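A.B. asks: Let me give you the structure first, and then I'll get to my questions.
Written out as structure tokens, the structure is:
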């Protein structure tokens, strides 16, 4: 009886865990549980293609569960009734976990104790779009995910293919298997030979048995020789002064070039503009061909100055590594990540910081000859290009100008003494009260129709459009959806909107974010390109010009939300869990949906009900307009660009405090 009671308890525990899984996964999980009851050893096969799976089947015997990070392979496994789980965390979140911030802050605190002259070359960027914090977040999330799968399915062994495309989940799988003392097997990328360690860990000189890390200057040998073969910098260049400098850090990027040209068109008539191009590229010549003064910062490279700084850089890196070996220790869910993360930091010092040193040397010489009253920053305070420009102009009376939503907060955290002019699209009293700018020298301005001006929408007639049953939707997601980290969830949202609403009779245009992954973009296009109710817009098109063609917008908690509201278009906003916490302060002005299915069901229910739909959309417009007026004030449509010009001119004459 006791054995039976224990089995029921185990069965109930497994059932509760399975409630979080899809129906397909639930069926597969019961098969796995049956294997557990018969005391069979279950292996996790980490792979992303049919070929990799076949290799694992040949080399690894016994029952298995497939784990993959590829959506299409995951679906194909389900179609042939293979047991499979999708290896991406289901967490919906905007920001990193607190554990990630704790680790990043600990690393930066250790670097700070070293009292380095050029600390800005070594500090770990906290920018959310990439870099070491992003990889730390991924490794922690993947470890937690794998531990949940191991516990849920009773995994006893992990087998993986050392595929370059799958290195992130592979690293987590290796750490979990080794630290949990599980059996594991690594096959090379061809699935032929057994390996002791993953390629990415070998490349970074990771050794899990070694508790002390070393800095290696050999990593820079080829790059150093390449730099020393360059011509020396320009000499005796006469000093020039500009009103506004625009940093351009891209290399032959069509989207960034287009964005720059759009920005310049607003300011070229009233201001003397200089384009600060960081790298030699075709874009440099294209910018010059448009009549703008553009110089390449790389052309100011000075070998002698660089080698003097390089010697200091080597000493600094040794100091940092010694401090890390003495003071850095991280455990996560019982797994010792100290040496793993220490090696990641050292890799950043060996590669990223070396490149920062090179560009810092170029900027130091460049800004010695140039004077800018204002510099339009590249990205936010955490983009290293802007950090270097700030470091090399901070004593020259130069102010930095930004327009992104969260720039003031970033400046508070990472450039507390910078004199920054921030022109924001929107704000409200709650945001203003949260920003305690005790050491912030800059000013913050609010200008809500900076780009749009309302000129496209004067003749729009919603009632006429509803009656004609020609309503068109613009679906403009960020990538991935703010708060939706996984590709699987991204596909779910896209399929819900594009699938359900097009079948219901709505005409939908999909405008992807310019940074969307090409493979993901292609997968979505292939699935819907033959649907006559779906149009795919070039992702590089100016989205503000697209607003006039559509009747309402579906987006996430991004700037599109406010741009569309200013464009007098009703906005349906999808938010995840943590992005809702960030955006709920704007719920007064927008209809926000935490479940995409609820939103789709509401729109499907309104199809063919012209009066109700018109009433719903008008209600949304009234709510949005009242909110925009409340948070921005009475700044009229159409005058915002002249208002921006007035701001910039007044800032040019204001002394730095």
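Numbering (my numbering), first residue to last: 7 to 663.
Where is the CB? At the ideal position from N, CA and C, for every residue including glycine.
Being a predicted model, the structure only gives us computed values, none of them experimental.
Cα-Cα, which of 53, 162, 512, 295 is closest to residue 172?
C.D. replies: Residue 53 holds the alpha-carbon nearest to the alpha-carbon of residue 172 among 53, 162, 512, 295.
A.B. asks: How is residue 284 classed by DSSP in three states: helix, strand or coil?
C.D. replies: coil
A.B. asks: Taking all protein chains shown into account, do 16 or more other C-beta atoms lie within 10 angstroms of the C-beta of residue 159, making it buried, or fewer, making it exposed?
C.D. replies: Residue burial is scored here from C-beta neighbours: residue 159 has at least 16 other C-beta atoms within 10 angstroms and is therefore classed as buried.
A.B. asks: Could you say which of 511, 613, 404 lies nearest to residue 247 if we only look at CA atoms?
C.D. replies: Just measuring C-alpha positions, the residue of 511, 613, 404 sitting nearest residue 247 is 404.
A.B. asks: Say whether the region 318-329 touches the region 204-223, bearing in mind that this needs 3 or more beta-carbon pairs closer than 8 Å, one atom from each stretch.
C.D. replies: When C-beta atoms of the region 318-329 are compared with those of the region 204-223, three or more pairs fall below 8 Å, so the two segments count as touching.
A.B. asks: Exposed or buried, residue 556, counting other C-beta atoms within 10 Å across all chains shown (16 or more means buried)?
C.D. replies: buried
A.B. asks: Please state whether the Cβ-Cβ distance between residue 371 and residue 308 is less than 8 Å.
C.D. replies: yes
A.B. asks: Taking the alpha carbon of residue 630 as the reference point, which residue from 623, 617, 596 has its own alpha carbon closest?
C.D. replies: 596
A.B. asks: How is residue 124 classed by DSSP in three states: helix, strand or coil?
C.D. replies: The answer is coil: DSSP assigns residue 124 none of H, G, I, E or B.
A.B. asks: Would you call the region 376-385 and the region 309-322 in contact, with 3 or more CB pairs under 8 Å?
C.D. replies: no
A.B. asks: Could you pull out every residue in the same chain whose Cβ sits closer than 7 Å to the Cβ of residue 618, ignoring the five residues on either side in sequence?
C.D. replies: Here the set comprises 612.
A.B. asks: Pairing CB atoms from the region 270-283 with CB atoms from the region 196-203, are three or more of them under 8 Å?
C.D. replies: no
A.B. asks: Would you call the CB atoms of residue 115 and residue 390 closer than 8 Å?
C.D. replies: no
A.B. asks: Who does residue 302 pair with in a DSSP beta bridge?
C.D. replies: 283
A.B. asks: Using the C-alpha atoms, what's the distance from residue 628 back to residue 138?
C.D. replies: 44 Å
A.B. asks: If we count the other Cβ atoms within 10 Å of its Cβ and call it buried at 16 or more, is residue 232 buried or exposed?
C.D. replies: The residue is exposed, with fewer than 16 neighbouring Cβ atoms inside 10 Å.
A.B. asks: Give every residue of the same chain whose Cβ lies closer than 6 Å to the Cβ of residue 124, excluding the five residues on either side of it in the sequence, and list them in chain order.
C.D. replies: The answer is none, since no qualifying residue turns up.
A.B. asks: So, for residue 30: in the same chain, excluding its five sequence neighbours on each side, which residues have a beta-carbon less than 8 Å away from its beta-carbon?
C.D. replies: The predicted position of residue 30 is uncertain, since its pLDDT is 46 and thus under 50; no value can be drawn from it.
A.B. asks: Can you pull the DSSP bridge partners for residue 49?
C.D. replies: 70, 163
A.B. asks: Using a Cβ-Cβ cut-off of 8 Å (strictly less than) and excluding sequence neighbours within five positions of residue 546, which residues of its own chain qualify?
C.D. replies: 260, 261, 264, 520
A.B. asks: What did DSSP end up calling residue 407 once you bin it into helix, strand or coil?
C.D. replies: Note: residue 407 maps to strand in three-state DSSP.
A.B. asks: Just checking my contact of residue 558 with residue 578 at CB under 8 Å: how many whole Å lie between their CB atoms?
C.D. replies: Residue 558 to residue 578, Cβ: 7 Å. Contact.
A.B. asks: Quick one: using the 10 Å Cβ neighbour count with 16 as the cut-off for buried, is residue 57 buried or exposed?
C.D. replies: exposed
A.B. asks: Do you know whose CA, among 237, 234, 290, 236, lies nearest residue 253's CA?
C.D. replies: Checked all of 237, 234, 290, 236; the closest Cα to residue 253 is 290.
A.B. asks: Measure from the alpha carbon of residue 510 to the alpha carbon of each residue in 356, 614, 257, 367, then state which is nearest.
C.D. replies: 614
A.B. asks: Where does residue 263 sit, in a helix, a strand or coil, going by DSSP?
C.D. replies: helix
A.B. asks: For residue 506, collect the residues of the same chain with a Cβ closer than 7 Å to its Cβ; drop the 5 residues on either side in sequence, then sort them by chain order.
C.D. replies: 606, 610
A.B. asks: So, using beta-carbon positions, are residue 512 and residue 477 closer together than 8 Å?
C.D. replies: yes
A.B. asks: Excluding five sequence neighbours on each side, which residues of the same chain lie with their C-beta closer than 6 Å to the C-beta of residue 529?
C.D. replies: Same-chain partners within the cutoff: there are none.
A.B. asks: Give me the Cα-Cα distance between residue 551 and residue 145, rounded to the nearest whole angstrom.
C.D. replies: 40 Å
A.B. asks: Given this structure, state the Cα-to-Cα distance separating residue 128 from residue 392, to the nearest angstrom.
C.D. replies: 14 Å
A.B. asks: Under a three-way DSSP split, which group does residue 93 fall into?
C.D. replies: If DSSP states are grouped into helix, strand and coil, residue 93 belongs with coil.
A.B. asks: CB residue 338 to CB residue 105, shorter than 8 Å?
C.D. replies: yes
A.B. asks: Consider the Cβ of residue 121: report whether some Cβ of chain C lies at a distance smaller than 8 Å.
C.D. replies: In the structure shown, chain C does not exist; there is a single protein chain.
A.B. asks: Check each candidate in 342, 257, 273, 226 and name the one with the smallest Cα separation from residue 364.
C.D. replies: 226
A.B. asks: Rounded to whole angstroms, what is the Cα-Cα separation between residue 322 and residue 110?
C.D. replies: 19 Å
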